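>
Numbering (my numbering), first residue to last: 16 to 130.
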């Protein structure tokens, strides 16, 4: 379980999400979906699907908001993800959710799962 210290989640919600995560052990599962949309080559937007006027499918779940994944992915993120990506995240204090989701999907070939 990855959850920020300022998140408030009911125990019943965590139990339910854990049940979903057990059904999809190779995938990251989480409560809050986001969509990365390509506007033009090299130009991307970060969209909250349910607040958008368009019907975007999600392709990322936020990592600090009650997300489940196998702990081995923390090692992969810390030791195998390209240093340039980690440096960007560290420098901007942002985008770790995008990096983590893309890392897992790239390795597994599977999308994130919404809890």
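Cβ atoms here follow ideal geometry from the backbone N, Cα and C, with glycine treated the same way. Fair warning: this is a prediction, and the values are worked out from it, not measured in the lab.
Cα separation between residue 119 and residue 127?
Within the chain shown, numbered from 1, the residue matching residue 119 stands at position 104. Within the chain shown, numbered from 1, the residue matching residue 127 stands at position 112. Computed Cα separation, rounded: 8 Å.
> Check this for me: beta carbons of residue 73 and residue 129, under 8 Å apart or not?
Position 58 of the chain shown, counted from the first residue, corresponds to residue 73. Position 114 of the chain shown, counted from the first residue, corresponds to residue 129. A contact, by the Cβ cut-off of 8 Å.
> Mind checking residue 24: buried by the 16 CB within 10 Å criterion, or exposed?
As a first step, residue 24 is located in the chain shown; it is residue number 9 there, counting from the start. So residue 24 counts as exposed.
> Straight-line CA distance for residue 55 to residue 84?
For the purposes of this step, residue 55 is identified with residue 40 of the chain shown, where counting begins at 1. For the purposes of this step, residue 84 is identified with residue 69 of the chain shown, where counting begins at 1. Distance between the alpha carbons of residue 55 and residue 84 is about 32 Å.
> Classify residue 41 as buried or exposed, calling it buried when 16 or more other Cβ atoms lie within 10 Å of its own Cβ.
By one-based count along the chain shown, residue 41 stands at place 26. Exposed is the call here.
> Per DSSP, what are the beta-bridge partners of residue 48 in this structure?
Along the chain shown, one-based indexing puts residue 48 at 33. Note: residue 48 sits in a beta bridge opposite 76.
> What are the partner residues of residue 83, as DSSP defines its beta bridges?
Indexing the chain shown from 1 puts residue 83 at position 68. Paired residues: 44.
> Can you say whether residue 81 is buried or exposed, counting buried as having 16 or more other CB atoms within 10 angstroms of its CB?
Within the chain shown, residue 81 is the residue found at index 66, counting from 1. Label assigned to residue 81: buried.
> For the beta strand (DSSP E) that contains residue 100, what are its first and last residues?
Residue numbering aside, residue 100 sits at position 85 when the chain shown is read from its first letter. It is not in any beta strand (DSSP E) - residue 100 instead sits in the alpha helix (DSSP H) that spans 98-107.
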